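Below is one structure; the comments refer to it alone.
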Amino acid sequence: MIMYQKIKIIWLILPVLLAISGCGYHLPRGGGFPEGVDRIFVEILENRTTETGVETIVTQNLVNEFVLREKKSLTSNLNDADAILSGDVSKITIQTIAAKGRDSARERRVTVTINLKLGNREGRVIWAAKGLSDNQAYFVAEDKNVTEKNKRNAIKLASKRIAERALNRLTDDF
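Everything in the sequence shown is counted per our numbering, starting at 1 for the first residue and increasing by one.
Written out as structure tokens, the structure is:
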């Protein structure tokens, strides 16, 4: 009798376990890309700021977002692309948001602003987003190297959110 109850419980739990294990989490895909674009090549963005290397950080976050959500649509070969995503990091602003005294900051906020455009193989702009921006606070340390590292991490976080929003806009309503 006890053995029969154990088998019954196993047969009741087994379908639930199989359903849970077979259900992989995935991010939903948007509506697709404009004008039937299937494959996109992402160019390294231009840096129009004085912040060295920021174009690499933002471009890498855009590529990472594609890999996460639209991997099949990303191509590393320009010749395989239906369209090219390009743009620039137009502005980096830094402002003090908390001070220790009159002349020293405790916390700052960095704001990253980018412009993007998706062009077809003939160079015609299919989609554009201007002034995409986000910001992130970071702590100012006594050691300038630590402060610089904190600022870089803040830029990475802000640009990650911009990349998420850019891909959402790119796939909206198409």
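Backbone N, C-alpha and C fix where the C-beta goes; we use that ideal spot for every residue, glycine too. Being a predicted model, the structure only gives us computed values, none of them experimental.
| query | result |
| --- | --- |
| What separation, rounded to the nearest whole angstrom, lies between the Cα atoms of glutamine 60 and glutamate 164? | 12 angstroms |
| Between asparagine 115 and aspartate 88, which are expected to be in contact by the criterion C-beta below 8 angstroms, what is the C-beta distance as a whole number of angstroms? | 5 angstroms |
| Please report the distance separating the alpha-carbon of isoleucine 92 from that of threonine 171. | 26 angstroms |
| Using the Cα positions of proline 34 and alanine 128, report the straight-line distance between them to the nearest angstrom. | 11 angstroms |
| Taking buried to mean at least 16 other C-beta atoms within 10 Å of its own C-beta, is leucine 27 buried or exposed? | Annotation note: pLDDT 43 at leucine 27 (below 50); position unreliable, coordinate value reported separately. Flag for leucine 27 reads exposed. |
| Tell me whether glutamine 219 is buried or exposed, calling it buried when 16 or more other Cβ atoms sit within 10 Å of its Cβ. | Residue 219 lies beyond the stretch modelled for the chain, which goes from 1 to 174, so this question has no answer here. |
| In chain order, what are the residue ranges of uninterrupted beta strand (DSSP E) at least 3 long that sit wholly in the segment 90-140? | 105-120, 125-139 |
| Looking at the strands, I want to know which residues DSSP matches up with alanine 83. | Ile40, Asn120 |
| Residues bridged to aspartate 88 by DSSP? | Glu46, Asn115 |
| Based on the DSSP secondary-structure assignment, which residues constitute the bridge partners of leucine 74? | Ile40 |
| Can you tell me whether lysine 151 is buried or exposed? The criterion is at least 16 other CB atoms within 10 Å of its CB, across all chains shown. | buried |
| Is it a yes or a no for the segment 36-49 touching the segment 67-80, going by three-plus beta-carbon pairs under 8 angstroms? | yes |
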